[in-house]
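See structure below.
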Amino acid sequence: MRFDGLDAMKSLSERQYVDTLVVPLVELAFDEDMVRKAEGNEVIQAVALETERQLSGRTMLSPTISYVDAEAGRALAEQVTVQATASGFTHVLFISSDLRFKGSELPIIFVPPLALKGMSGEQSHTMVQNFATQVITDLSSRWMAT
Amino acid sequence: MAQNGSKVTRRQFLTYTLTGVGGFMAATLISPMVNFAIDPVLKKSGAGDKVKVISLDDITTEPQRVDFKKQTQDAWYEFEETLSAWVFKDESGEIIALSPICTHLGCQVGYGGDPTRPTEFFCPCHFGRYEKDGTNIPGTPPTAPLARYEKEEKDGFLYLGSPVAQL
Ligand code: FES
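Protein chains in written order, with full-length UniProt numbering: chain A, 1 to 146; chain B, 1 to 167.
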């Protein structure tokens with residue numbers, strides 16, 4: 001499900017089935033770091049979309065949380081988790097390429113920054129599939145456990 | 001890529017049923033083996049608006065997932081939609097191309113996705129199950145069989161069109 005009106009309505013009416021929120025977590029920069037952050041964004045968005053494509057019946061893809069300050073980003077991610085959980089999402093999962101969150105409590109799948117657009121269609125497809133598979137495997141095993 | 005546009009059309013696809021995948025437990029193993037047809041030139045060389053996806057020689061009785069892109073249009077955009085199909089030959093040698101979109105709420109099913117049931121399609125979302133031929137298994141959430149793609153065999157290749165719901 002996407003974060004649009006129709007899907008939001010559907011996810012509310014199918015509450016017992018749509019219980020997982022996937023959130024892209026993207027760091028912004030506009031100096032020399034911009035390229036790397038933008039590459040992170042490329043992979044995060046592609047993986048998030050592919051995950052949603054494959055698991056649309058149970059997951060809602062949240063709009064991206066973006067931040068310029070890591071602490072603020074973490075705080076926002078925590079707020080989103082609290083809100084989503086209070087509203088009936090049993091599982092929340094972030095997709096990020098910011099390794100500073102490695103030690104945090106947040107449930108995150110990390111993907112590397114890559115210039116997907118510079119690759120051949122087949123190469124980038126394979127990359128994105130592999131990362132999406134990690135996300136899907138993670139979610140599947142959580143679902144199996146509940 | 002007009003990803004905004006794909007929202008709308010993906011929705012239509014859920015209705016008419018389409019697309020595919022289903023990586024689950026063995027997903028890490030599956031994805032590198034996925035066939036992928038992308039060359040835009042190939043699209044035109046086929047049958048109508050069907051897309052060339054795989055050589056007939058590569059189709060066996062074991063369902064395999066193929067991903068392909070198709071030029072699609074909605075009210076605003078023209079864009080490439082990624083689709084998947086599970087392709088195999090049945091006992092009579094007929095080629096079957098199933099849409100992996102679960103008829104429950106639209107997740108993508110995988111063949112053998114539940115390791116304890118290696119010859120069924122399994123939906124990781126709410127554990128929906130289908131026979132190898134796409135028939136939904138009663139007692140699991142899906143209430144209809146998997147859709148089948150329109151297909152055409154031409155010059156040694158399989159071309160796929162739109163998925164057709166099975167009633
Ligand atoms: S979407 Fe497949 S079982 Fe619910």
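Note that the Cβ used here is the ideal one computed from N, Cα and C, for glycine as well. Note that the coordinates shown come from a computational prediction; the quantities given were computed from them, not determined experimentally.
Would you list the residues sitting across from residue 160 of chain A in a DSSP beta bridge?
For chain A, the structure presents residues 1 to 146; residue 160 of chain A sits outside this window and is missing.
Consider the Cβ of proline 145 of chain B: report whether some Cβ of chain A lies at a distance smaller than 8 Å.
Here residue 145 of chain B refers to the residue found at position 145 of the second sequence. No, proline 145 of chain B does not count as interfacial toward chain A.
Say the cut is 7 Å; is the CB of leucine 105 of chain B nearer than that to a heavy atom of the ligand SAH?
In terms of ligand content, the structure shown lacks the ligand SAH and carries the ligand FES instead.
Chain A beta carbons: is any one of them nearer than 8 Å to that of proline 32 of chain B?
Indexing the second sequence from 1 puts residue 32 of chain B at position 32. Confidence at proline 32 of chain B is low in this model, with a pLDDT of 47, below 50, so its placement is unreliable and no value can be given for it.
Quick one, which residues of the region 46-67 of chain B are near chain A if we go by CB-CB under 8 Å, in chain order?
Asp67
Mind checking aspartate 58 of chain B: buried by the 16 CB within 10 Å criterion, or exposed?
On the second sequence, residue 58 of chain B is found 58 positions in, with the first residue counted as 1. The residue is exposed, with fewer than 16 neighbouring Cβ atoms inside 10 Å.
What is the rounded straight-line gap between the Cα of methionine 119 of chain A and the Cα of methionine 34 of chain A?
As a first step, residue 119 of chain A must be located in the first sequence, where it is residue number 119. As a first step, residue 34 of chain A must be located in the first sequence, where it is residue number 34. Distance between the alpha carbons of methionine 119 of chain A and methionine 34 of chain A is about 19 Å.
Flag valine 140 of chain A as yes if its beta-carbon sits less than 8 Å from any beta-carbon of chain B, otherwise no.
In the first sequence, counting from the first residue as 1, residue 140 of chain A sits at position 140. For the sequence presented, residue 140 of chain A should be read as serine rather than valine. Yes, serine 140 of chain A counts as interfacial toward chain B.
Contact set between glycine 106 of chain B and chain A, taken where Cβ atoms lie within less than 7 Å:
Residue 106 of chain B sits at position 106 when you count from the first residue of the second sequence. Here the neighbours are Ser56, Gly57.
Can you find a CB in chain A that lies within less than 8 Å of the CB of proline 124 of chain B?
Mapped onto the second sequence, residue 124 of chain B falls at position 124. Yes, proline 124 of chain B lies at the interface with chain A (some Cβ there is under 8 Å from its Cβ).
Compute the Euclidean distance between the alpha carbons of leucine 21 of chain A and leucine 146 of chain B, then round it to the nearest angstrom.
Taking the first sequence and counting its residues from 1, one reaches residue 21 of chain A at position 21. Taking the second sequence and counting its residues from 1, one reaches residue 146 of chain B at position 146. When rounded, the distance between both Cα atoms is 26 Å.
Would you say the beta carbon of proline 163 of chain B is closer than 7 Å to some non-hydrogen atom of the ligand FES?
For the purposes of this step, residue 163 of chain B is taken as residue 163 along the second sequence, with counting starting at 1. No; taking the cut-off as 7 Å, the Cβ of proline 163 of chain B has no heavy atom of the ligand FES nearer than that.
Coil, strand or helix - threonine 60 of chain B by DSSP:
Here residue 60 of chain B is taken as the residue at index 60 of the second sequence, counted from 1. Coil.
Measuring CB to CB, does glycine 106 of chain B end up less than 8 Å from serine 56 of chain A?
Locating residue 106 of chain B in the second sequence gives position 106, counting from the first residue. Locating residue 56 of chain A in the first sequence gives position 56, counting from the first residue. In contact: glycine 106 of chain B and serine 56 of chain A (Cβ atoms closer than 8 Å).
In terms of residue numbering, what span does the beta strand (DSSP E) encompassing threonine 59 of chain A cover?
In the first sequence, counting from the first residue as 1, residue 59 of chain A sits at position 59. 59-61 is the extent of the beta strand (DSSP E) around threonine 59 of chain A.
Just to confirm before moving on: does the CB-CB distance between serine 66 of chain A and leucine 116 of chain A stay below 8 Å?
Translated into the one-based positions of the first sequence, residue 66 of chain A becomes position 66. Translated into the one-based positions of the first sequence, residue 116 of chain A becomes position 116. Not in contact: serine 66 of chain A and leucine 116 of chain A (Cβ atoms no closer than 8 Å).
Taking 8 Å as the threshold, find out whether the region 73-93 of chain A comes into contact with the region 7-21 of chain A through three or more Cβ pairs.
yes
When the cut-off is 8 Å and only beta carbons count, does glutamate 14 of chain A lie next to chain B?
Position 14 of the first sequence, counting from 1, holds the residue named residue 14 of chain A. Yes, because at least one Cβ of chain B sits closer than 8 Å to the Cβ of glutamate 14 of chain A.
Out of B/Pro124, B/Phe157, B/Asp155, which has the shortest C-alpha to C-alpha gap to isoleucine 101 of chain B?
Position 101 of the second sequence, counted from the start, is the residue given in the question as residue 101 of chain B. Of B/Pro124, B/Phe157, B/Asp155, the residue nearest in Cα terms is B/Pro124.
Taking the alpha-carbon of proline 63 of chain A as reference, which of A/Ala72, A/Ala77, A/Ala70, A/Glu71 has the nearest alpha-carbon?
One-based indexing of the first sequence puts residue 63 of chain A at position 63. The candidate whose alpha carbon is nearest that of proline 63 of chain A is A/Ala77.
Which term fits glutamate 122 of chain A, buried or exposed, when burial requires 16 or more other beta carbons within 10 angstroms of its beta carbon?
In the first sequence, counting from the first residue as 1, residue 122 of chain A sits at position 122. Counting other Cβ atoms within 10 Å of its Cβ, glutamate 122 of chain A stays below 16 and is therefore classed as exposed.
When DSSP labels each residue in this structure, what does isoleucine 44 of chain A get in the three-state scheme?
Taking the first residue of the first sequence as 1, we reach residue 44 of chain A at position 44. In the three-state reduction of the DSSP assignment, isoleucine 44 of chain A falls in the helix class.
Run through chain B and tell me which residues come within less than 7 Å of tyrosine 17 of chain A, C-beta to C-beta.
Start at 1 with the first residue of the first sequence, and residue 17 of chain A comes out as number 17. Those within 7 Å of tyrosine 17 of chain A in chain B are Leu105, His126.
Whose C-beta lies closer than 6 Å to the C-beta of valine 53 of chain B among residues of the same chain, with five residues either side of it excluded?
As a working mapping, residue 53 of chain B is identified with position 53 in the second sequence. Same-chain partners within the cutoff: Ala37, Val66, Phe68, Leu158, Leu160.
So is histidine 91 of chain A in contact with chain B if we call contact Cβ pairs under 8 Å?
Counting from 1 along the first sequence, the entry for residue 91 of chain A is found at position 91. Answer no: the Cβ-Cβ gap between histidine 91 of chain A and chain B never drops below 8 Å.
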